[in-house]
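J.: The structure under discussion is supplied below as structure tokens; questions concerning it will follow.
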Amino acid sequence: MPELPEVETTRRSFAERIDGATVAAVRLGKPLRWPLGCMPASLVGLRIGTAARRGKYLWLPVGDGGLLLHLGMSGSLAFSEHPGDPGAHDHFDLVTTRGTLRLTDPRRFGAVVWSLGLDADPARKLVAGLGLEPFDPAFGGEHLHRALRGRRVAIKQALLAGDIVVGAGNIYACEALFTAGIDPRTPAGRVSRPRCDRLAEAVRRILAQALELGGSTLRDYRDARGMAGSFQQHAAVYGRAGQPCLVCGTPVRRIVQAQRSTFFCPRCQKR
DNA sequence: AAGTGGACCTGCTAGC
DNA sequence: TGCTAGCAGGTCCACT
């Protein structure tokens, strides 16, 4: 599910309410991607700080450390109105003096990890390889061009890898490449400097637009207040295989790259 | 070193 | 109606 716009929308939807609250209890469901790494009971009584985001990770300060959360493919966080009856896919409850924040994640690719800081293990290890934030002023055509130099993977895969720029997952990488007019199969190292300028700008514009629309709700994504996103209604190519390109009318194509679907317009997007 | 494929796990849908 | 194959928003790891 969650790419940067969904994760950031989620963060904004719970950060204010939970900031300054105290942990009253922690409940664990089935195991997630990694073990929590501390005794849940030891969190009780600790004060929660202001939630932050790095890439698609959320960082929730708790006491002298914090929880690094990832929503995986199918995760969502929500304030639970019925904290007494967890469902089959509710795998983490943070019961606080300001409500219960509950992680629901059917596929369990998500994670909740205790760490003494973002720069302490294990959080540091998970965040270490991440690229620039897309809205960091340092992210632009120059950075992109330099980082892509010598890379032979397709540009789509280079964007998804997250070591150059974070936040664009499968939906927004497809959309950004469409906006920039770049064929997703183009070898990354062969994207010219001017096209890198356009691509960096497209990544920012698409993510900003998605953020304004509260992200994409393809299936079940909701923010912590239960609000769905609506970017999917504005997608130019993602999920539109066979339908006419909104610009030129050519049918949108679906191909597979690195075992993931890629959608693009074979006419508007060039190598 | 960079690139590739498999792994993790569950649910939904299209097609027979 | 019921079964099955294929697909889904992510990312880590082992291997070449």
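The numbering of the first sequence is this note's numbering, which starts it at 200 and goes up by one.
C-beta: ideal position from N, C-alpha, C; glycine also.
All of these numbers come straight from a predicted model, not from anything done at the bench.
Taking the continuous beta strand (DSSP E) assigned at residue 222, which residues delimit it?
T.: What you label residue 222 is simply residue 23 of the first sequence in a count that begins at 1. The continuous beta strand (DSSP E) containing residue 222 extends over residues 222-227.
J.: Between 462, 231, 445, which has its C-alpha nearest residue 291's C-alpha?
T.: Residue numbering aside, residue 291 sits at position 92 when the first sequence is read from its first letter. Out of 462, 231, 445, 231 has the C-alpha closest to the C-alpha of residue 291.
J.: Output the distance between the C-alpha atoms of residue 424 and residue 354, rounded to the nearest integer angstrom.
T.: In the first sequence, residue 424 corresponds to position 225, counting from 1. In the first sequence, residue 354 corresponds to position 155, counting from 1. Cα to Cα, residue 424 sits roughly 36 Å from residue 354.
J.: Mind checking residue 341: buried by the 16 CB within 10 Å criterion, or exposed?
T.: Counted from its first residue, the first sequence places residue 341 at position 142. Per the 10 Å Cβ criterion, exposed.
J.: Does the Cβ-Cβ distance between residue 247 and residue 287 come in under 8 Å?
T.: Position 48 of the first sequence holds residue 247. Position 88 of the first sequence holds residue 287. No. Outside cutoff.
J.: Any heavy atom of the ligand GTP within a distance shorter than 7 Å of the CB on residue 380?
T.: Absence of the ligand GTP is noted for the structure shown, with no ligands found whatsoever.
J.: Can the beta-carbon of residue 205 be found less than 8 Å from the beta-carbon of residue 414?
T.: Translated into the one-based positions of the first sequence, residue 205 becomes position 6. Translated into the one-based positions of the first sequence, residue 414 becomes position 215. Result yes, Cβ atoms of residue 205 and residue 414 sit closer than 8 Å.
J.: How far does the alpha helix (DSSP H) with residue 370 in it extend, from its first residue to its last?
T.: For this step, residue 370 is matched to residue 171 along the first sequence. Where residue 370 is concerned, the enclosing alpha helix (DSSP H) stretches over 369-379.
J.: Identify whether residue 218 lies in helix, strand or coil by the three-state DSSP scheme.
T.: The count along the first sequence starts at 1 and reaches residue 218 at position 19. In this structure, residue 218 counts as coil in the three-state DSSP scheme.
J.: Taking residue 259 as the reference, give the member of 435, 456, 357, 242 with the closest Cα.
T.: Numbered from its first residue, the first sequence carries residue 259 at position 60. When only C-alpha atoms are compared, the closest one is 242.
J.: Which word fits residue 335, buried or exposed, when buried means at least 16 other C-beta atoms lie within 10 angstroms of its C-beta?
T.: The residue you call residue 335 lines up with position 136 of the first sequence. Per the 10 Å Cβ criterion, exposed.
J.: Can you grab the Cα-Cα spacing for the pair residue 435 / residue 238, in whole Å?
T.: Taking the first residue of the first sequence as position 1, residue 435 is located at position 236. Taking the first residue of the first sequence as position 1, residue 238 is located at position 39. One C-alpha to the other measures close to 46 Å.
J.: Do residue 207 and residue 252 have their beta-carbon atoms positioned less than 8 Å apart in this structure?
T.: The residue labelled residue 252 in the question sits at position 53 within the first sequence. The residue labelled residue 207 in the question sits at position 8 within the first sequence. At the C-beta level, residue 252 and residue 207 come within 8 Å of one another.
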